[in-house]
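**Student:** Got a structure for you, written out below as structure tokens; questions coming shortly.
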Amino acid sequence: MREEPLDNGRRPENPEGLPKTFDPAQFEARWYALWEREGRFQPTGASGSPRFVMVIPPPNVTGRLHIGHAYGRTVEDILARWKRMLQHRVLWVPGTDHAGIATQMVVERNLAKRGIDRKALGREKFIERVWEWRRESGDLILGQLRRLGCSLDWSRLRFTLDPALSRAVRHAFVLLYRDGLIYKGRYVVNWCPGCGTAVSDLEVVEKETKGLLYKIRYDVPGVPDGAVVATTRPETMLGDTAIAIHPEDPRNARLRGKKAILPIVGRELPVVEDAILVDREFGTGVVKVTPAHDANDFAVGQRHHLPAVVVIGPDGKMTEAAGEYAGLDRFEARKRIVARLEQEGRLVAAEPHTINLGFCQRSDDVVEPYLSEQWFVKIQPLAEPAMRAVREGAVRFVPESWTRTYFTWMENIRDWCISRQLWWGHRIPAFTCANGHLTVDEAEEGPQACPTCGSREFVQDPDVLDTWFSSQLWPFSVFGWPEKTEDLKNFYPTDVLVTGYDILFFWVARMIMAGLRFTGKAPFATVHLHGLVRVGGEKMSKTKGNVIDPLEAIEEFGADAVRFTLASAASSGPTVSVERGRMDSARSFATKLWNATRFALMQLEGREAPDPKGRGLSLPDRWILSRLQATASDVNRQLEAFRFDEASAAIYAFFWHELCDGYLEMIKPVLVSPEAEAADTARGVLRHCLENAVALLHPIMPFLTEEIWEKLTGKTGTLIVSPYPQGDPSRRDLAAEASVEAMRAILTRVRNLRTERGASRTAPVALTLDPGSPSRALLPDLTVLGPLLTHLGRLSDLRVAAPDAGAIRDVVAGIQLGMRLPEGSTAVAEERVEKARGVVDDEIAQLSAKLQNAAYLEKAPAAVVEKTRLRLRELEAKRAAMGPV
RNA sequence: GGGAGGUUAGCUCAGAGGUAGAGCGCCUGUUUUACACGCAGGAUGUCGGGGGUUCGAUCCCCUCACCUCCCACCA
Numbered sequence: 002m003r004e005e006p007l008d009n010g011r012r013p014e015n016p017e018g019l020p021k022t023f024d025p026a027q028f029e030a031r032w033y034a035l036w037e038r039e040g041r042f043q044p045t046g047a048s049g050s051p052r053f054v055m056v057i058p059p060p061n062v063t064g065r066l067h068i069g070h071a072y073g074r075t076v077e078d079i080l081a082r083w084k085r086m087l088q089h090r091v092l093w094v095p096g097t098d099h100a101g102i103a104t105q106m107v108v109e110r111n112l113a114k115r116g117i118d119r120k121a122l123g124r125e126k127f128i129e130r131v132w133e134w135r136r137e138s139g140d141l142i143l144g145q146l147r148r149l150g151c152s153l154d155w156s157r158l159r160f161t162l163d164p165a166l167s168r169a170v171r172h173a174f175v176l177l178y179r180d181g182l183i184y185k186g187r188y189v190v191n192w193c194p195g196c197g198t199a200v201s202d203l204e205v206v207e208k209e210t211k212g213l214l215y216k217i218r219y220d221v222p223g224v225p226d227g228a229v230v231a232t233t234r235p236e237t238m239l240g241d242t243a244i245a246i247h248p249e250d251p252r253n254a255r256l257r258g259k260k261a262i263l264p265i266v267g268r269e270l271p272v273v274e275d276a277i278l279v280d281r282e283f284g285t286g287v288v289k290v291t292p293a294h295d296a297n298d299f300a301v302g303q304r305h306h307l308p309a310v311v312v313i314g315p316d317g318k319m320t321e322a323a324g325e326y327a328g329l330d331r332f333e334a335r336k337r338i339v340a341r342l343e344q345e346g347r348l349v350a351a352e353p354h355t356i357n358l359g360f361c362q363r364s365d366d367v368v369e370p371y372l373s374e375q376w377f378v379k380i381q382p383l384a385e386p387a388m389r390a391v392r393e394g395a396v397r398f399v400p401e402s403w404t405r406t407y408f409t410w411m412e413n414i415r416d417w418c419i420s421r422q423l424w425w426g427h428r429i430p431a432f433t434c435a436n437g438h439l440t441v442d443e444a445e446e447g448p449q450a451c452p453t454c455g456s457r458e459f460v461q462d463p464d465v466l467d468t469w470f471s472s473q474l475w476p477f478s479v480f481g482w483p484e485k486t487e488d489l490k491n492f493y494p495t496d497v498l499v500t501g502y503d504i505l506f507f508w509v510a511r512m513i514m515a516g517l518r519f520t521g522k523a524p525f526a527t528v529h530l531h532g533l534v535r536v537g538g539e540k541m542s543k544t545k546g547n548v549i550d551p552l553e554a555i556e557e558f559g560a561d562a563v564r565f566t567l568a569s570a571a572s573s574g575p576t577v578s579v580e581r582g583r584m585d586s587a588r589s590f591a592t593k594l595w596n597a598t599r600f601a602l603m604q605l606e607g608r609e610a611p612d613p614k615g616r617g618l619s620l621p622d623r624w625i626l627s628r629l630q631a632t633a634s635d636v637n638r639q640l641e642a643f644r645f646d647e648a649s650a651a652i653y654a655f656f657w658h659e660l661c662d663g664y665l666e667m668i669k670p671v672l673v674s675p676e677a678e679a680a681d682t683a684r685g686v687l688r689h690c691l692e693n694a695v696a697l698l699h700p701i702m703p704f705l706t707e708e709i710w711e712k713l714t715g716k717t718g719t720l721i722v723s724p725y726p727q728g729d730p731s732r733r734d735l736a737a738e739a740s741v742e743a744m745r746a747i748l749t750r751v752r753n754l755r756t757e758r759g760a761s762r763t764a765p766v767a768l769t770l771d772p773g774s775p776s777r778a779l780l781p782d783l784t785v786l787g788p789l790l791t792h793l794g795r796l797s798d799l800r801v802a803a804p805d806a807g808a809i810r811d812v813v814a815g816i817q818l819g820m821r822l823p824e825g826s827t828a829v830a831e832e833r834v835e836k837a838r839g840v841v842d843d844e845i846a847q848l849s850a851k852l853q854n855a856a857y858l859e860k861a862p863a864a865v866v867e868k869t870r871l872r873l874r875e876l877e878a879k880r881a882a883m884g885p886v
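Residue numbers (the numbering used here): 2 to 886.
Right, here's the structure in full:
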């Protein structure tokens with residue numbers, strides 16, 4: 002059909018009723034609304050049917066959907082839709098996270114732009130502003146998940162700061178506190194001066210950094226040359242309260258029992274002997290001890306009862322204790338101190354040195370070890386059961402290789418610093434009464450009276466909890482825990498958790514610990530840890546310009562194409578590589594589906610399409626039905642294994658290469674033939690295959706398939722709950738598969754012959770199938786397929802006969818062919834034949850050698866040897882067909 | 001310093017102890033009336049290097065090289 006623009010520029014109406022290319026925007030929103038309206042995302046179905054439950058990894062409430070989310074949520078939605086079609090009672094719970102540091106920082110920055118300082122504003126006002134920000138820009142991501150097609154049960158939407166979830170947090174805190182698993186104490190923690198808060202070990206990212214190792218001479222009365230200490234952080238020396246040597250180090254034995262004088266400050270420093278801290282091999286064997294600014298030094302301080310002097314404050318500036326350096330930034334102070342030491346002749350050396358510096362995951366500031374009072378979770382008692390759960394199989398990781406990483410981390414786990422000096426988050430439910438008694442209480446308003454002294458005046462701890470403290474409760478707090486709700490009973494524990502491996506420790510491990518502690522059950526049976534999305538093999542970054550915005554991609558290609566691309570990119574490895582080219586190809590696939598449907602509708606509309614289960618099936622019918630069974634089995638197996646790439650590829654290959662390229666072309670002549678019965682059967686088979694293919698694909702491409710489903714079946718919006726094709730291996734028809742595949746191979750050879758000989762695409766070929774062929778068992782079927790072969794191959798003649806003299810000969814699928822082109826065709830390039838002969842000769846030589854190898858004949862399985870024999874026979878026939886050199 | 005993973009077609013990646021695969025890209029032909037986001041045909045790989053086990057290894061083992069990532073308090 003020619004397309005001519007009309008006056009108004011619109012395309013003319015398509016006679017078939019469907020445009021040639023489809024516009025996803027036409028139906029995506031419509032289907033989503035319909036599914037939602039009809040309650041498809043809510044768990045329904047027979048109460049006896051198995052359930053399938055997931056909770057979403059809650060994105061930041063003010064965040065935007067990025068390609069990593071899009072990937073993870075697509076995977077979850079595929080699982081949810083697949084299980085739903087398997088008639089499970091599916092529940093996938095949506096929600097968002099308050100994301101303490103991240104959100105607070107954004108709001109703080111916004112305020113700063115307007116010249117407003119957080120501290121000047123005050124805590125309450127500031128928190129109001131954050132809520133405002135959350136109202137303005139929050140939940141956008143939820144709409145974006147809808148665009149992606151996620152079948153989340155919106156009636157159960159949760160936010161980590163919801164009253165019920167906040168209560169769960171307080172309850173959990175109190176439980177742990179009462180059990181002695183939460184304690185408060187003064188320790189050296191990781192402190193981010195940029196964020197102004199303590200952070201956990203996990204939030205510190207170590208980076209190799211070039212620095213200097215300074216060697217500084219401290220005077221030691223009675224020891225003429227004093228002591229030379231080595232440090233990468235000279236500014237902390239102002240807080241030194243000792244120097245340490247190894248008890249068995251002869252080099253420094255003369256320092257034993259002496260006192261050193263701290264340069265600049267003049268403080269007397271005892272020389273302590275500590276075998277744990279000091280490595281005799283390193284540097285001078287003398288270590289400065291700064292208990293307030295180094296975790297190891299802190300431990301030494303504890304062992305030797307040393308005081309701790311805080312010289313760097315929470316803002317990263319030197320404190321009053323730093324004397325003349327007070328108020329200086331820590332790095333500036335370093336410069337000045339080094340300059341001064343040099344001036345005084347105390348700087349013995351400053352050698353280039355590579356150090357692992359800790360940076361704040363959030364702000365990228367250099368993290369300071371900082372002595373301060375914090376809350377901690379005693380983690381060992383929680384880790385033990387969590388390890389057991391995995392060891393005993395109550396929780397399994399997919400891919401399995403993460404198990405080991407999990408154990409390694411859990412075995413070396415350290416107490417978790419959970420207090421944050423922030424305002425946005427769950428405030429620690431700890432209260433100090435007027436008489437200084439500490440009490441914890443889960444009531445939002447705090448305790449009524451002090452249990453110790455009865456005082457009614459309290460000050461609440463100013464800190465908030467690490468965001469992950471609330472996240473670890475997510476799989477059950479969303480269901481109302483600690484209340485014994487129906488949902489908790491019905492849907493907890495969940496089945497599958499899907500998330501990136503980067504939060505295995507942050508979140509997954511902690512959920513397992515918390516789940517076991519608070520509910521006695523592992524929160525999920527299976528954890529699918531996927532790789533991180535990369536674009537073209539590289540991390541996405543704005544400077545590289547390779548960022549893919551999933552929403553832009555949805556606009557451009559449609560949600561289904563984006564989802565198919567992501568599913569195809571899945572792999573078991575640590576990276577998920579996404580490319581734009583893949584999006585194009587996915588969109589082409591969607592268009593292909595569309596067009597195949599248009600064709601089918603032309604054939605099916607207003608016509609009977611009997612159930613193909615009746616007899617009278619042709620070989621192509623049997624073939625495609627068998628391939629459908631094989632594909633369905635395969636797809637289910639791959640989904641079971643979280644191999645979304647393989648599942649996508651299986652449907653793609655079936656739909657495009659077998660159903661469209663193969664079956665559709667095979668039935669076209671049947672459809673126009675006068676044999677009405679055969680045509681009707683083909684229509685029935687076509688409908689059956691198309692419906693099943695569309696159903697198979699629905700979890701991956703939900704919108705388009707629902708649209709097509711409606712056109713095919715006349716049913717509106719029901720595909721989402723239609724039974725998923727599972728595939729039955731007993732319904733494979735291997736004989737039909739072999740025959741039709743042989744025919745297709747012969748077709749390819751005939752077409753290739755034309756190209757090879759420079760004949761036109763339509764040049765008639767006379768073909769003979771040699772009854773003496775190695776695979777002659779196929780001949781009866783090929784005879785039945787003869788008319789089709791003749792039609793598709795544009796043959797002028799087809800006979801079962803030995804090849805004529807002068808025919809071009811070859812062996813395909815074990816059938817010896819004789820092919821004859823009309824006169825005048827160009828001869829094939831001799832060098833090409835030469836090369837082909839070479840390849841065959843090589844393989845023949847190889848196989849013959851194998852078959853003459855006694856060890857091979859004896860040890861290789863009989864089936865393999867037999868296969869080799871067959872192959873050799875076929876090759877010899879092929880070689881013979883090629884003629885002499 | 002430990003640990004994990006990777007190295008396969010120009011690109012991005014699958015893959016199994018028994019003759020190497022996909023998508024994209026490339027070449028050739030093609031308005032074969034569902035689809036040019038198509039159809040048909042085609043080319044391309046010492047499966048990182050070296051050694052071992054095996055009748056047979058790209059797939060298992062050892063080793064080397066390079067890459068990625070995790071974990072770790074050596075000043």
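Note that the Cβ used here is the ideal one computed from N, Cα and C, for glycine as well.
Can you name the residues that DSSP bridges to D798?
**Tutor:** Answer by DSSP bridge pairing, in chain order: A767.
**Student:** Assign H306 to buried or exposed, taking buried as 16 or more other Cβ atoms, counted over all protein chains shown, within 10 Å of its Cβ.
**Tutor:** Per the 10 Å Cβ criterion, exposed.
**Student:** Compare the beta carbon distance of L149 and A71 with 8 Å and say whether it is the shorter of the two.
**Tutor:** A contact, by the Cβ cut-off of 8 Å.
**Student:** Hey, A882 and V801: beta-carbon distance below 8 Å or not?
**Tutor:** Not a contact, by the Cβ cut-off of 8 Å.
**Student:** Going by DSSP, which residues form a beta bridge with N596?
**Tutor:** In DSSP, N596 forms no bridge with anything.
**Student:** Under 8 Å between the Cβ atoms of G516 and A523?
**Tutor:** In contact: G516 and A523 (Cβ atoms closer than 8 Å).
**Student:** Assuming the contact rule is C-beta atoms closer than 8 Å, R159 and V479 should be a hit. Round their C-beta distance to whole Å, please.
**Tutor:** Indeed they touch by this definition, with Cβ atoms about 5 Å apart.
**Student:** Return yes when at least one heavy atom of the ligand SAM lies under 7 Å from the C-beta of H99, else no.
**Tutor:** The model depicted lacks the ligand SAM and carries no ligand whatsoever.
**Student:** Short of 8 Å in beta carbon distance, which residues of its chain neighbour F704, apart from the five on each side in sequence? Order them along the chain.
**Tutor:** The residues are P25, F28, E29, W32, Y33, G150, G559, A560 and D561.
**Student:** Is it right to say Y184 is buried, meaning 16 or more other beta carbons lie within 10 angstroms of its own, or is it exposed?
**Tutor:** Y184 should be labelled exposed.
**Student:** When the Cα of G49 is compared with those of E369, R38, N491 and E274, which residue comes out closest?
**Tutor:** Answer by Cα proximity: N491.
**Student:** Quick one: Cα of I117 to Cα of S138, how far?
**Tutor:** Their Cα atoms are separated by approximately 20 Å.
**Student:** L153: which of D163, V288, L92 and M106 sits nearest, CA to CA?
**Tutor:** The residue with the shortest Cα to Cα distance from L153 is L92.
**Student:** Would A814 and I747 qualify as a contact pair, given that the criterion is a beta-carbon distance under 8 Å?
**Tutor:** Cβ distance < 8 Å, so A814 and I747 count as in contact.
**Student:** Can you grab the Cα-Cα spacing for the pair E875 / M667, in whole Å?
**Tutor:** So the two alpha carbons sit approximately 28 Å from each other.
**Student:** Please classify K485 as buried or exposed, where buried requires at least 16 other C-beta atoms within 10 Å of its C-beta.
**Tutor:** Exposed, by the Cβ-count rule.
**Student:** Can you list the alpha helix (DSSP H) stretches of 4 or more residues lying completely in the stretch 818-878, in chain order?
**Tutor:** Taking only runs of at least 4 residues, the alpha helix (DSSP H) segments lying wholly in the stretch 818-878 are 831-853 and 855-860.
**Student:** Identify whether N413 lies in helix, strand or coil by the three-state DSSP scheme.
**Tutor:** It is coil, neither helix nor strand.
**Student:** State the beta-bridge partners of V671 as determined by DSSP.
**Tutor:** BP columns for V671 are empty, so no partner.
**Student:** Return the residue from the list P308, E738, T404 and V391 that minimises the CA-CA distance to H294.
**Tutor:** If we check each option's Cα against that of H294, P308 comes out closest.
**Student:** Among the residues of its own chain, which have a CB less than 7 Å from the CB of M388, if the five just before and after it don't count?
**Tutor:** These residues qualify, in order along the chain: F408 and M411.
**Student:** Just to confirm before moving on: does the CB-CB distance between T527 and V367 stay below 8 Å?
**Tutor:** No, the Cβ-Cβ distance between T527 and V367 is not below 8 Å.
**Student:** So, with DSSP's three-state summary, where would you put H354?
**Tutor:** Three-state DSSP puts H354 in a strand.
**Student:** Can you tell me whether S201 is helix, strand or coil according to DSSP?
**Tutor:** The answer is coil: DSSP assigns S201 none of H, G, I, E or B.
**Student:** Consult DSSP for C661 and reduce its assignment to one of helix, strand or coil.
**Tutor:** Looking at C661 - three-state DSSP - the assignment turns out to be helix.
**Student:** Among N436, G394 and E742, which one has its Cα closest to the Cα of E458?
**Tutor:** E458 has its Cα closest to that of N436, out of N436, G394 and E742.
**Student:** Is there contact here, the stretch 281-290 with the stretch 234-254, by at least three beta-carbon pairs under 8 Å?
**Tutor:** Yes: at least three Cβ pairs fall under 8 Å.
**Student:** Let me know if R12 comes out buried or exposed under the rule of 16 or more other beta-carbons within 10 Å of its beta-carbon.
**Tutor:** Note on R12: pLDDT 34, under 50, position unreliable in the model; no value is reported.
**Student:** Within 10 Å of its beta-carbon, does P16 have 16 or more other beta-carbons around it, so buried, or fewer, so exposed?
**Tutor:** Annotation note: pLDDT 43 at P16 (below 50); position unreliable, coordinate value reported separately. The residue in question, P16, is exposed, as its Cβ has fewer than 16 Cβ neighbours within 10 Å.
**Student:** Using a 10 Å radius around the Cβ and a threshold of 16 neighbouring Cβ atoms, would you call D180 buried or exposed?
**Tutor:** D180 is exposed by the Cβ-count criterion.
**Student:** Below 7 Å CB to CB, which residues in the same chain sit around P726 once its five sequence neighbours on both sides are set aside?
**Tutor:** The answer, listed in chain order, is A633, N693, A696 and L697.
**Student:** Roughly how many whole angstroms lie between the Cα atoms of P164 and G481?
**Tutor:** When rounded, the distance between both Cα atoms is 10 Å.
**Student:** Does DSSP put Q375 in a helix, a strand or coil?
**Tutor:** Correct three-state label for Q375: strand.
**Student:** Run the CB neighbour count on Q344, radius 10 Å, all protein chains shown included, and call it buried at 16 or more, exposed below.
**Tutor:** Classification for Q344: exposed.
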